[in-house]
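Protein chains in written order, with the numbering used here: chain A, 3 to 151; chain B, 3 to 151; chain C, 3 to 151; chain D, 3 to 151; chain E, 3 to 151; chain F, 3 to 151; chain G, 3 to 151; chain H, 3 to 151. What follows is one structure encoded as structure tokens, with my remarks underneath.
8 protein chains.
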Amino acid sequence: MTLTVYLSGEIHTDWRDQIIDGAKGLDVQFNSPVTDHAASDDCGVKILGAEDQKYWHDHKGAMVNAIRTRKGITDADVVVVRFGEKYKQWNAAFDAGYAAALGKSLIILHGPDHQHALKEVDAAALAVAEHPAQVVDILRYVLMGKLPG
Amino acid sequence: MTLTVYLSGEIHTDWRDQIIDGAKGLDVQFNSPVTDHAASDDCGVKILGAEDQKYWHDHKGAMVNAIRTRKGITDADVVVVRFGEKYKQWNAAFDAGYAAALGKSLIILHGPDHQHALKEVDAAALAVAEHPAQVVDILRYVLMGKLPG
Amino acid sequence: MTLTVYLSGEIHTDWRDQIIDGAKGLDVQFNSPVTDHAASDDCGVKILGAEDQKYWHDHKGAMVNAIRTRKGITDADVVVVRFGEKYKQWNAAFDAGYAAALGKSLIILHGPDHQHALKEVDAAALAVAEHPAQVVDILRYVLMGKLPG
Amino acid sequence: MTLTVYLSGEIHTDWRDQIIDGAKGLDVQFNSPVTDHAASDDCGVKILGAEDQKYWHDHKGAMVNAIRTRKGITDADVVVVRFGEKYKQWNAAFDAGYAAALGKSLIILHGPDHQHALKEVDAAALAVAEHPAQVVDILRYVLMGKLPG
Amino acid sequence: MTLTVYLSGEIHTDWRDQIIDGAKGLDVQFNSPVTDHAASDDCGVKILGAEDQKYWHDHKGAMVNAIRTRKGITDADVVVVRFGEKYKQWNAAFDAGYAAALGKSLIILHGPDHQHALKEVDAAALAVAEHPAQVVDILRYVLMGKLPG
Amino acid sequence: MTLTVYLSGEIHTDWRDQIIDGAKGLDVQFNSPVTDHAASDDCGVKILGAEDQKYWHDHKGAMVNAIRTRKGITDADVVVVRFGEKYKQWNAAFDAGYAAALGKSLIILHGPDHQHALKEVDAAALAVAEHPAQVVDILRYVLMGKLPG
Amino acid sequence: MTLTVYLSGEIHTDWRDQIIDGAKGLDVQFNSPVTDHAASDDCGVKILGAEDQKYWHDHKGAMVNAIRTRKGITDADVVVVRFGEKYKQWNAAFDAGYAAALGKSLIILHGPDHQHALKEVDAAALAVAEHPAQVVDILRYVLMGKLPG
Amino acid sequence: MTLTVYLSGEIHTDWRDQIIDGAKGLDVQFNSPVTDHAASDDCGVKILGAEDQKYWHDHKGAMVNAIRTRKGITDADVVVVRFGEKYKQWNAAFDAGYAAALGKSLIILHGPDHQHALKEVDAAALAVAEHPAQVVDILRYVLMGKLPG
Chain A
3 MTLTVYLSGE
13 IHTDWRDQII
23 DGAKGLDVQF
33 NSPVTDHAAS
43 DDCGVKILGA
53 EDQKYWHDHK
63 GAMVNAIRTR
73 KGITDADVVV
83 VRFGEKYKQW
93 NAAFDAGYAA
103 ALGKSLIILH
113 GPDHQHALKE
123 VDAAALAVAE
133 HPAQVVDILR
143 YVLMGKLPG
Chain B
3 MTLTVYLSGE
13 IHTDWRDQII
23 DGAKGLDVQF
33 NSPVTDHAAS
43 DDCGVKILGA
53 EDQKYWHDHK
63 GAMVNAIRTR
73 KGITDADVVV
83 VRFGEKYKQW
93 NAAFDAGYAA
103 ALGKSLIILH
113 GPDHQHALKE
123 VDAAALAVAE
133 HPAQVVDILR
143 YVLMGKLPG
Chain C
3 MTLTVYLSGE
13 IHTDWRDQII
23 DGAKGLDVQF
33 NSPVTDHAAS
43 DDCGVKILGA
53 EDQKYWHDHK
63 GAMVNAIRTR
73 KGITDADVVV
83 VRFGEKYKQW
93 NAAFDAGYAA
103 ALGKSLIILH
113 GPDHQHALKE
123 VDAAALAVAE
133 HPAQVVDILR
143 YVLMGKLPG
Chain D
3 MTLTVYLSGE
13 IHTDWRDQII
23 DGAKGLDVQF
33 NSPVTDHAAS
43 DDCGVKILGA
53 EDQKYWHDHK
63 GAMVNAIRTR
73 KGITDADVVV
83 VRFGEKYKQW
93 NAAFDAGYAA
103 ALGKSLIILH
113 GPDHQHALKE
123 VDAAALAVAE
133 HPAQVVDILR
143 YVLMGKLPG
Chain E
3 MTLTVYLSGE
13 IHTDWRDQII
23 DGAKGLDVQF
33 NSPVTDHAAS
43 DDCGVKILGA
53 EDQKYWHDHK
63 GAMVNAIRTR
73 KGITDADVVV
83 VRFGEKYKQW
93 NAAFDAGYAA
103 ALGKSLIILH
113 GPDHQHALKE
123 VDAAALAVAE
133 HPAQVVDILR
143 YVLMGKLPG
Chain F
3 MTLTVYLSGE
13 IHTDWRDQII
23 DGAKGLDVQF
33 NSPVTDHAAS
43 DDCGVKILGA
53 EDQKYWHDHK
63 GAMVNAIRTR
73 KGITDADVVV
83 VRFGEKYKQW
93 NAAFDAGYAA
103 ALGKSLIILH
113 GPDHQHALKE
123 VDAAALAVAE
133 HPAQVVDILR
143 YVLMGKLPG
Chain G
3 MTLTVYLSGE
13 IHTDWRDQII
23 DGAKGLDVQF
33 NSPVTDHAAS
43 DDCGVKILGA
53 EDQKYWHDHK
63 GAMVNAIRTR
73 KGITDADVVV
83 VRFGEKYKQW
93 NAAFDAGYAA
103 ALGKSLIILH
113 GPDHQHALKE
123 VDAAALAVAE
133 HPAQVVDILR
143 YVLMGKLPG
Chain H
3 MTLTVYLSGE
13 IHTDWRDQII
23 DGAKGLDVQF
33 NSPVTDHAAS
43 DDCGVKILGA
53 EDQKYWHDHK
63 GAMVNAIRTR
73 KGITDADVVV
83 VRFGEKYKQW
93 NAAFDAGYAA
103 ALGKSLIILH
113 GPDHQHALKE
123 VDAAALAVAE
133 HPAQVVDILR
143 YVLMGKLPG
């Protein structure tokens with residue numbers, strides 16, 4: 003059994019690397035959005051031409067990024083969505099909803115402060131974790147049947 | 003042609019009433035989440051029994067509310083999602099993602115301040131509006147072919 | 003909003019009547035399997051001809067009953083599955099799995115003794131209740147936003 | 003032609019090993035749930051944190067196990083579900099219903115005592131067998147066209 | 003519960019009338035193909051223009067008839083397919099396969115002579131009957147829970 | 003049997019009226035795009051705000067019109083697409099492809115000059131007609147089994 | 003591009019070998035039903051136990067064969083169905099209907115005598131051929147763009 | 003991540019080669035229709051027999067080509083559709099509609115003259131480009147996160 007896992011959400015800490023490193027040796031294929039913030043914001047206009055209006059500048063970029071996001075979520079068995087401490091992160095919640103509607107197994111990763119605000123998102127998940135290492139433990143258990151410790 | 007419309011998101015202003023009032027006489031069937039904040043938070047424990055942990059208190063409520071939300075989105079032709087000025091509103095973005103994955107026609111309603119933060123959500127929409135009256139105008143145009151003014 | 007609800011499972015107590023009576027005045031359409039045990043067991047051979055082997059006697063009946071069960075689950079927004087005190091009730095768990103795979107909102111109804119044995123079934127549900135009156139409370143809340151008491 | 007087969011149900015005898023051993027040399031990819039009973043019961047709390055209530059302890063584990071079960075059933079061409087002599091085994095019947103709704107080819111494996119109680123489950127199956135060796139015979143026939151003996 | 007039933011297959015006896023008459027008073031909506039043989043054969047060229055080649059004459063008619071057949075099968079809860087004594091009746095078997103792939107409940111109606119030749123078709127059915135009255139008995143049982151006699 | 007029919011394509015002649023008039027008395031529900039050319043072009047900016055760039059002006063309008071088009075095609079049993087003598091009419095061919103992928107019954111309406119250019123579109127259709135009256139004849143035949151003349 | 007092709011229907015001539023031989027060197031993966039007539043008829047009872055009634059003998063075999071047929075059709079890009087000179091061959095027409103409902107590309111292979119009787123089946127196909135060599139020509143053209151001669 | 007890309011539309015310039023060459027080294031699998039115009043027009047009659055009527059000549063060819071087109075679009079993650087300067091190109095718009103209904107990521111490629119005529123097609127796309135090199139830039143960005151320049 004190979005698990006394909008999409009790592010969605012917060013891009014300002016190294017949580018993806020922690021999961022990918024921790025999962026070394028497991029039969030997992032990881033995908034992620036582009037996490038270079040500037041490239042992600044500007045990809046639309048850099049490739050398809052400048053826009054006067056900020057709205058269309060953003061729109062073009064969001065559409066190009068959607069090619070990657072859709073592919074990543076559609077191919078995934080498991081979608082991990084991390085909510086960080088800051089920002090609105092509506093794209094993370096959007097991805098969680100999109101994945102839920104497709105019947106993907108959701109793992110939500112967030113600190114205790116967001117518990118109440120994320121209750122609808124958590125309610126759609128099969129696991130809610132605080133630390134990237136717990137996601138690794140889940141992947142190892144799902145693939146190998148082995149618990150930590 | 004009858005349009006079934008689900009009104010998701012912000013529950014602290016009267017935007018739903020404005021749309022429903024404005025659409026009087028149009029062949030539209032509206033559905034919404036429960037907008038009584040206290041009832042929505044406590045429905046799980048009030049009906050199914052108290053919980054010691056706040057997390058499970060919230061969880062039980064979110065699950066019961068999901069019965070209504072899923073039905074509302076699944077039955078809808080059009081899903082309108084409004085993002086207000088305050089709060090994280092992750093459930094609104096989750097609903098938008100859920101609706102997008104099901105191929106529903108999305109209308110997103112928000113002020114200009116949220117433009118950049120909502121760019122991925124807006125990119126999945128067929129219309130992005132600022133005022134409830136614009137949603138009414140869209141519904142009238144879609145059903146009757148008549149433009150405002 | 004009209005809810006279509008399928009009442010699956012245990013057929014030896016009056017739990018269905020309690021729910022249907024309690025939900026009077028709510029916009030709910032209920033469906034159920036045939037709850038006449040003898041008719042349900044013999045419908046295949048009574049209509050399509052006797053069988054020497056008990057296995058095929060049972061099989062023919064189960065197939066005819068499946069016409070009603072499939073229709074009931076496929077049309078439902080909400081599937082309530084009750085597990086009673088006695089018997090294996092594998093058809094109840096089968097219906098729960100079938101409904102879950104179709105994305106129906108599941109409500110599971112059972113006493114505290116079955117908690118551990120039903121943990122996988124409960125984990126697929128949006129609500130787990132002990133008493134039929136709680137199911138009525140959920141339906142009223144989902145449709146009207148009103149909590150009991 | 004490669005067959006992907008998910009082996010669901012009873013975990014107290016070596017029936018999975020019998021099938022996997024018997025199918026050596028056939029182009030079959032087998033998947034199963036975690037069959038370490040203690041690990042399966044405790045995976046949720048061991049990874050995601052302890053719970054005071056047994057119900058939530060069980061719930062967290064069932065949810066984590068569902069990641070593996072869903073993946074196994076979704077990927078399968080054939081789902082074999084075995085019902086043993088003891089216990090309620092509602093998760094086995096739930097898996098059978100889930101697989102049936104997805105249109106998977108079902109093989110049910112049980113002794114003659116369960117014939118009446120499993121009639122609805124058997125009615126959804128393409129084969130009902132008593133012995134693991136018969137499942138191997140079916141897999142060999144389906145892949146190679148060769149009958150036993 | 004309303005059942006929508008499509009009556010496919012043999013058009014030379016009055017079996018459809020027997021079922022429709024027998025089901026009077028039941029909540030059933032029946033649909034059928036056009037059973038006027040000449041009209042069915044010539045509808046394509048009569049409406050869309052003559053063809054020199056018999057193959058295209060037949061083709062145009064089969065395509066126009068497919069508009070009705072697809073609608074009838076797609077809308078149906080139950081598809082009844084009758085195989086008569088004569089002719090190849092490949093369209094009947096085609097409809098049965100089409101309905102099976104869509105997950106419709108199939109009832110096959112044929113005399114004992116065709117038992118071996120129809121074994122694959124029968125194996126996809128929930129009921130195999132010899133007489134139209136048995137189909138009525140099934141519909142009454144499915145809707146009302148009442149057995150004949 | 004009620005047929006829901008979407009009339010897509012050319013908006014400069016009265017072909018829709020001819021079909022709707024001709025089908026009076028038949029159990030057909032017709033839907034169409036907005037056929038007021040100016041309103042259709044400007045609906046986006048009139049409702050949602052002006053754009054400097056013609057591209058975004060067009061884009062906003064096309065998105066709003068898509069709410070109606072998607073609803074019309076999704077609800078339809080039969081999609082009729084007419085190609086007129088002039089213009090590129092790429093939206094007509096787009097609608098035909100969209101409808102074909104959803105498994106709708108397609109009727110294509112065009113003059114003999116377009117035969118070669120439309121061969122891929124015609125190949126996805128169940129009927130190819132030249133005159134609106136032929137579409138009426140098809141609808142009458144499909145619903146009533148009656149041929150013209 | 004690799005094409006997966008399922009070869010359904012007549013089992014008394016070597017048409018499958020002709021196609022498989024002719025397609026040597028093309029990127030095609032072929033699947034077929036079990037074509038050993040005796041094994042196919044008896045597989046159910048040989049593996050799962052004898053039956054007194056011929057009907058159930060046939061039924062058990064048809065069900066086991068369905069595991070292979072479903073897998074073959076579900077995995078296929080192209081389904082070729084051949085109708086021979088003799089026998090009812092209802093399973094061939096059933097497979098054609100099943101494949102059509104799943105949106106598979108159908109190629110039907112039969113002699114000119116069956117033209118009228120197969121008109122509904124042919125109408126669902128993308129190609130109707132008389133000789134196995136034509137199927138090879140189609141596969142070569144689809145994969146390589148090369149025409150015969 | 004491997005992207006499967008279908009290149010649909012205009013066949014008179016070398017835009018496909020430009021994209022395929024430009025994407026060397028990227029993990030992309032390209033598919034296309036047969037771009038040999040004469041072979042594409044005549045494939046039906048060359049393989050399946052001549053037709054007197056040009057309509058059926060065209061029809062047979064379009065059907066055989068559809069085997070390749072359907073496979074190409076169904077397998078694709080991304081569908082690129084190019085509209086050239088000349089001809090009606092209705093098959094290109096049909097492919098775009100077909101791909102959109104299947105939820106594929108669409109990239110539309112056309113010059114500025116077609117902007118208004120293609121507004122409905124562009125509105126269904128995630129990117130609208132003028133030059134093949136921009137498509138390569140998108141593929142590189144989607145796969146590698148790297149922007150040009």
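Heads up, the beta-carbon is just placed ideally off N, CA and C, and yes, glycines get one too. The structure presented is a predicted model; accordingly, all values stated were derived computationally and were not measured.
Cβ closer than 8 Å: which chain H residues qualify as neighbours of residue i?
i                     : result
residue 66 of chain A : 128, 129, 140, 143, 144
residue 54 of chain E : 54, 55
residue 38 of chain A : 147
Under the assumption that residue i contacts residue j (Cβ atoms under 8 Å), give the Cβ distance between them as a whole number of angstroms.
i                      : j                      : result
residue 80 of chain C  : residue 49 of chain B  : With 8 Å as the limit, residue 80 of chain C and residue 49 of chain B do not qualify as a contact, their Cβ atoms being about 14 Å apart.
residue 18 of chain A  : residue 9 of chain A   : 5 Å
residue 65 of chain F  : residue 128 of chain B : 4 Å
residue 3 of chain A   : residue 33 of chain D  : 5 Å
residue 91 of chain H  : residue 11 of chain H  : 7 Å
residue 123 of chain B : residue 110 of chain B : 6 Å
So what's residue i in DSSP terms, helix, strand or just coil?
i                      : result
residue 94 of chain G  : helix
residue 20 of chain H  : helix
residue 30 of chain F  : strand
residue 105 of chain D : coil
residue 111 of chain E : strand
residue 131 of chain E : strand
residue 41 of chain F  : helix
residue 121 of chain D : helix
residue 116 of chain F : helix
residue 13 of chain F  : coil
residue 48 of chain E  : helix
residue 146 of chain B : helix
Under 9 Å between beta-carbons, which chain H residues line up against residue i? List them in chain order, please.
i                     : result
residue 87 of chain F : Those do not exist, as residue 87 of chain F stays about 12 Å from chain H at its closest Cβ, beyond 9 Å.
What are the partner residues of residue i, as DSSP defines its beta bridges?
i                      : result
residue 136 of chain E : Beta-bridge pairing links residue 136 of chain E to no other residue.
residue 8 of chain E   : E:33, E:81
Run down chain G in chain order and give the residues with a C-beta less than 9 Å from the C-beta of residue i.
i                      : result
residue 134 of chain D : Within chain G, no residue comes near residue 134 of chain D; the closest Cβ sits about 12 Å away, beyond 9 Å.
residue 150 of chain D : 48, 49
In chain H, what lies closer than 7 Å to residue i by C-beta?
i                     : result
residue 58 of chain E : 58
residue 33 of chain A : 3
What does residue i reach in chain D if we use C-beta pairs closer than 7 Å?
i                     : result
residue 12 of chain C : Correct list: empty, because the minimum Cβ distance to chain D is about 13 Å.
What are the uninterrupted segments assigned as beta strand (DSSP E) that are 3 or more residues long and contained completely in the segment 53-91 of chain G, given in chain order?
Counting only runs of 3 or more, we get 80-84.
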